[in-house]
Structures are given as structure tokens and as C-alpha cells.
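Letter by letter, the sequence shown follows residues -21 to -1, 1 to 346 of mature numbering (1 follows the signal peptide of the UniProt record, and there is no 0). Using N, Cα and C, we set each Cβ at its ideal position, and we do this for glycine too. Source: prediction; values computed, not measured.
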Amino acid sequence: MFSKLRLFLCLFFLSALSAAAQSDTLEILVLGTSHQNTPGDYSKIIGKLKALQPDMVFGEYLSPADLKALPPDSYNAVGFKPKHDFIAQRSKPVKPAMLPRKIKQTEEALARFQFLHQARMTLAQHHVLNFDRGNAEYQLWVLQNKMASKFGEGERNVFEKAFLSVDTLIALKLIRPKTEYHQIIFPLVYELGMPRIYPMDCQKYDDVWSEAWYKAKVAIEAMEATAKQDSTSPAALVVKTRDRFYAEMGQKIKESKMTSYQINNSETYAQMDAAYNFYGGSILYDLPGFPTQAIKDMYHFWQLRNEGMCQNLVSLARAHKAKRVIVAVGASHRKIMNDILATYPTVKLLYYNDLPEPTSLTSMQTK
């Protein structure tokens, strides 16, 4: 009798542990995207992603805190300053400490009635002032693509006073028509009825990455110069090996007959992309004439950046008690992020190329 009781208790606890593990599982789909997308119909991609019903959608954006903390001369800080200055000159002054509260209040008001156009314009301004580029771009996308046709004359005047014109916002890169966000991710977030997109980028290592990249670039240029001068040199053999690999991978992709986003999310593309980004990459390591250590140093900081991105992603998803999330990143990040996330014990990876086709692509309604 006691042995049966012990067996029952053992099975009970194992079942409880299994249930707890399942309830703690975070499903993540890392979507490899292109930063340059031709105008077209992306409804199939949006439909596939929408069918997942994610709790959160992330983009390759810095959090407001991380963007604020960057050195003023860093790439992202320099790029954001004209946007911030333009909006600051054309909006009512707000104490920085008050911005999160005002943003939350406006989001709540728009959740009750989404056609408060002037409130949405102010929300876009406040996101810029709060160093939240992702959500500023999202609200401007909504204004341009979903609300502008409904503006009254007074609202058009307010828009022009706040932003001058859509062309001005494009010049400032607060509207970026060819990006994956404009074509796919913002429409997805809107169709899901979500008020915002979430950040996960990491730029802690930008300076050391840039230094390592420059050293690798100089070393590769020297190798290529040697190869050009002497076609029998080890450097020339490296260049031939690299170029042959590029051609073979390009042919594989051409023969696959995949769509552009299937290609972006394929293993074949991941191999080719890694080779392109790292001047041939690991397939050339230790070949005479190839600057192996310089490329490894470059890759080291790339690894650290992607580890930081994964940590930001999982931490924020956990903080919001999300069960399933989609993260849109440049296709170069997809494979390495999946490899890193696979080491997280309670993360389950989903794959775009495994998603079923959506059953209906008729005009999708928000929740």
C-alpha cells in the first residue's frame, strides 16, 4: 500500500513539474526580414504571422532608456538627434519625467476610441521626445495609412503644424516606406489591435564592433590586393574559394524557387549571409592568406550583440507574462539568435517557414 502511495505521489509531482514547465514556456518566432522591401502585397506574410496570435511583437529598436544612455557621438544617437530636435521645436514642452504617464494616458484613450486623431499626433510626438523611435514610427504609420483619409480640415492643419508633411517625415526617416516595419510589422501590430511595438536591440558593443570591423576590412583589402598581384598566392586561392562558395549558394537559392521571405528564413540564406557579412567567414578559417583572427574578433562582438538582443527580448517578454512573441530582425540575425535562444531552457522556437498558409486573407479586422 505504501509503495503504491509513493508511486502515486511521485507521478503527481512529476506531472505537476511538467505542467509548470509547460506553463512557463515562452514561444518565440524570430522573423528574418529585409530592411529594403519593394512595394507589393504582403498580406500572406501578415496573415501567417497574425494567425499565431502573439502576445507581443518586437522590432529591432533600442529601448528609450538604452537610446538615451548612448554616447552623443554614437551612430544611433547621432541619427536620432535631428528627429528629436525637429519634434521638440514643433510640440508643446513636456517635462521628460511626465512623458511615460502622458503616453500611457493617451494609449488608454485611443484604446477606447481610436479616431482621436489629434491625440494620436501628440502621442507620436511624445514617443519621439521619450526616445522611443519604434513607437513613434508606428503611430506615424497609423496616422498616414489608417487615419489620414478621415482627417477634417482642422486635423490636417494640426498635422502640418506638428510634422509639416509626410515628405518631411520621410526625409527625417521617421517614416521609412521600404522597411519591413512599414510593409509588414506595423500592419501586423495594427491588425492585432496592439497599441505598441516592443524594443529589443542592443548597442552596448557598437564601438568595439566598429573597431573590429574596420581592422577586418583593412586585412581583407590587403588580402585581395595580394591576390590581384599574384594569382598563384595563398591569398588568391582564398579569394577563389570564397567566390566559388558565393556562387554555389546563390545558385542554390535561385533553384529553390522560394519567396523572398522564405529565403530570408532559410538555412541556405543563413549560410550565404554569414559568409557575405564576414568576408567568407568560417569556411575560410585557418586557410593560408586569410586573416582568421581579425574575422573571429569581428564575429565575437557580433555574438555579444545578439546575446544582448536575446536577453532583452526574453526579459521583456517575461516581464509582460507573454506566452508567444514575434520578433522582427534583419535576416542576418535570425540564425544566430535562434542558436542563442535554443540554449534557454524554457524557450520554444517557432519557424516562419513551418507556418501554415492562412485560411483567409480577406480584409482582416482588429480584435
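Measuring CB to CB, does residue i end up less than 7 angstroms from residue j?
i, j, result
"Ala321", "Gly11", "no"
"Leu119", "Leu171", "no"
"Leu41", "Pro174", "no"
"Leu266", "Val217", "yes"
"residue 353", "Val9", "Nothing can be reported for residue 353, as the shown portion of the chain is limited to -21 through 346."
"Ala214", "Ala273", "no"
"Trp192", "Met277", "yes"
"Tyr160", "Asn244", "no"
"Ala76", "Ala88", "no"
"Ile24", "Ile164", "no"
"Ala141", "Met100", "yes"
"Lys62", "Leu151", "yes"
"Thr184", "Leu292", "In the sequence on display, residue 184 carries Tyr and not Thr. In this structure, Leu292 does not lie closer than 7 angstroms to Tyr184 by Cβ."
"Pro18", "Phe110", "no"
"His96", "Glu134", "yes"
"residue 406", "Ala30", "Here the chain has residues from -21 to 346 only, and residue 406 is not among them."
"Ala226", "Lys314", "no"
Could you give the residue range of the beta strand (DSSP E) that holds residue i?
i, result
"Met277", "No beta strand (DSSP E) holds Met277; the alpha helix (DSSP H) holding it covers 271 to 298."
"Lys327", "326 to 329"
"Glu6", "5 to 12"
"Ala307", "303 to 309"
Under the assumption that residue i contacts residue j (Cβ atoms under 8 angstroms), give the Cβ distance between them as a whole number of angstroms.
i, j, result
"Gln104", "Ser70", "4 angstroms"
"Ile66", "Leu108", "6 angstroms"
"Gln305", "Leu28", "It should be pointed out that residue 305 corresponds to Ile in this sequence rather than to Gln. Going by Cβ atoms, the distance from Ile305 to Leu28 rounds to 6 angstroms, so yes, they are a contact pair."
"Ile7", "Leu328", "6 angstroms"
Straight-line CA distance for residue i to residue j?
i, j, result
"Thr345", "Asn16", "Low confidence applies here, because Thr345 scores a pLDDT of 39, under 50, leaving its location unreliable; read the following figure in that light. Straight-line Cα distance between these residues: approximately 24 angstroms."
"Met35", "Val308", "14 angstroms"
"Asn285", "Leu5", "18 angstroms"
"Leu(-5)", "Thr85", "Residue placement at Leu(-5) is poorly supported in this model, since its pLDDT is 47, which falls under 50; the coordinates still yield a value, given next. Straight-line Cα distance between these residues: approximately 42 angstroms."
"Glu190", "Lys196", "10 angstroms"
"Gln290", "Cys181", "9 angstroms"
"His312", "Ala253", "9 angstroms"
"His279", "Glu246", "21 angstroms"
"Ala90", "Pro50", "36 angstroms"
"Ser239", "Asp146", "28 angstroms"
"Leu167", "Ala296", "18 angstroms"
"Gln241", "Ser13", "11 angstroms"
"Ala(-1)", "Gly38", "Caution applies to Ala(-1), whose pLDDT of 48 falls short of 50 and renders its modelled position unreliable; the model cannot decide the point."
"Tyr264", "Thr271", "5 angstroms"
"Pro33", "Arg223", "41 angstroms"
"Lys275", "Gln93", "50 angstroms"
"Met237", "Arg303", "26 angstroms"
"Pro79", "Gly259", "45 angstroms"
"Asp186", "Asn55", "11 angstroms"
"Asn136", "Arg155", "23 angstroms"
"Lys207", "Glu200", "10 angstroms"
"Leu148", "Glu116", "10 angstroms"
"Ser342", "Tyr21", "Here the model assigns Ser342 a pLDDT of 39, short of 50, so the residue's position is not dependable and the matter cannot be decided."
"Pro335", "Thr158", "24 angstroms"
"Leu102", "Thr205", "56 angstroms"
"Asp333", "Ser210", "45 angstroms"
"Gln300", "Ser294", "Per the sequence presented here, residue 300 reads as Lys, with Gln not at that position. Rounded to whole angstroms, Lys300 to Ser294 spans 10 angstroms at the Cα level."
"Leu143", "Asp318", "45 angstroms"
"Met126", "Phe59", "25 angstroms"
"Lys194", "Asn124", "44 angstroms"
Of all Cβ atoms in chain D, is any one closer than 7 angstroms to the Cβ of residue i?
i, result
"Thr211", "Absence of chain D from the displayed structure is noted, only one protein chain being present."
Which residues bound the alpha helix (DSSP H) around residue i?
i, result
"Ala115", "112 to 121"
"Thr103", "A small fix is needed here, since residue 103 is Ala in this sequence, not Thr. Per DSSP, Ala103 belongs to the alpha helix (DSSP H) from 96 to 108."
Discussion item. Please give the ranges of any alpha helix (DSSP H) in the segment 206 to 267, keeping only runs that are unbroken, at least 4 residues long and fully inside the region.
Written reply: 213 to 235, 239 to 243, 246 to 256
Worksheet item: Which residue spans inside the segment 125 to 213 form an unbroken alpha helix (DSSP H) run of at least 4?
Response: 132 to 142, 145 to 150, 165 to 170, 185 to 208
Practice prompt. Any chance you could list the alpha helix (DSSP H) runs of at least 4 consecutive residues sitting entirely within the segment 29 to 85, in chain order?
Written response: 43 to 48, 54 to 68
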